[in-house]
Amino acid sequence: MRLLLPLLALLLALPAAALELMPTTLQLPAEGGHAELWLHNPGPSRWQGQVRILAWEQQPNAEVLRPSDQILASPTQLDLAPGTRQRIWLLPRQPAPGAGERAYRIVLAPGLPDLPRYSLPLFRGQAAPVAQPRLHARIEPDTSQPVLRLDNTGALHARLHDLSFITGDGRRSLLMPGLAGYVLPGHTRRWSLPQRAQGYTGGRFLARLQDGREVELAAPDPAIAVSMPGGL
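Last residue of the sequence shown: number 231 in numbering that gives the first Met the number 0, and the count goes up by one each step with no gaps.
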């Protein structure tokens, strides 16, 4: 009994299975083809769940996910024992309707509440340099908290990392380390910013895009081109 109690405590302390995903962003060409998502369960426990494909849209202050039948996943039911790998095929049901990029989310929904849930971006459409994002940045007036607005009038999504602000005298503040978020083509995103005694006038915003370049988000009408998509 004395041996069983420490063993039971050790088992209860083991973390839930966390999957390794490759790649973390997927791209389907507009004219057809397929994509592959590989899962690896390093343990220590089994991961069970299902694959769902959701259409991804954006409202200025919210991400909207809706059921979609445009992309098929195979298999849809997952059961990964520790140490095993699984390939998921992603296939378009029919040619892409219309021009432009379509955005989806691949959701790996666990069957048990203590297992982690995953959501990965999937894009379908023409890859850069044929399509490019065009971002327009400005600070929204008459708000109790500073709000940065980004409009993407281009044909490709933009992924922003390490959003920073540089004052007029060159001092730099990192506002959002890591992934700040996505701006889908034809959509708008807003980010609430920290309060500053001097506000955000007389300075400029910088962000790193998915091709690794750091660019200036200059008001009132910047145009930013991304050369290639990638990453999460």
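Glycine residues also receive a C-beta, built at the ideal position from the N, C-alpha and C atoms.
Check: According to the neighbour-count rule (16 or more other Cβ atoms, all chains shown, within 10 Å of its Cβ), is residue 11 buried or exposed?
Finding: Note that residue 11 scores 41 on pLDDT, short of 50, meaning its location in the model is unreliable and no value can be drawn from it.
Next item on the list: Report the residue from 56, 38, 174 whose alpha carbon sits nearest the alpha carbon of residue 78.
Entry: 38
Checklist line | Inter-stretch contact at 8 Å, needing at least 3 Cβ pairs: the region 24-31 / the region 45-60 | finding: no
Notebook entry, point to check: Apart from the five residues on each side of it in sequence, which residues of its chain come closer than 7 Å, Cβ to Cβ, to residue 99?
Noted result: 124, 154, 184
Next item on the list: Spell out a yes or no on whether the region 109-125 and the region 161-168 are touching, meaning 3 or more CB-CB pairs, one atom from each, closer than 8 Å.
Entry: no
Next item on the list: Could you check the C-alpha separation between residue 216 and residue 203 for me, to the nearest Å?
Entry: 7 Å
Next item on the list: Can you say whether residue 88 is buried or exposed, counting buried as having 16 or more other CB atoms within 10 angstroms of its CB?
Entry: exposed
Check: Grouping DSSP H, G and I as helix and E and B as strand, with all else coil, what is residue 108?
Finding: strand
Notebook entry, point to check: Between the Cα of residue 192 and the Cα atoms of 148, 209, 201, which residue gives the shortest distance?
Noted result: 148
Margin query: Could you tell me the alpha carbon to alpha carbon distance between residue 91 and residue 175, rounded to whole angstroms?
Written below: Rounded to whole angstroms, residue 91 to residue 175 spans 35 Å at the Cα level.
Notebook entry, point to check: CB-CB under 7 Å to residue 17, same chain, minus the five flanking residues each way: which ones, in chain order?
Noted result: 115
Notebook entry, point to check: Thinking C-beta only, is residue 34 closer than 7 Å to residue 20?
Noted result: no
Notebook entry, point to check: If you run the structure through DSSP and keep just helix, strand and coil, what is residue 100?
Noted result: coil
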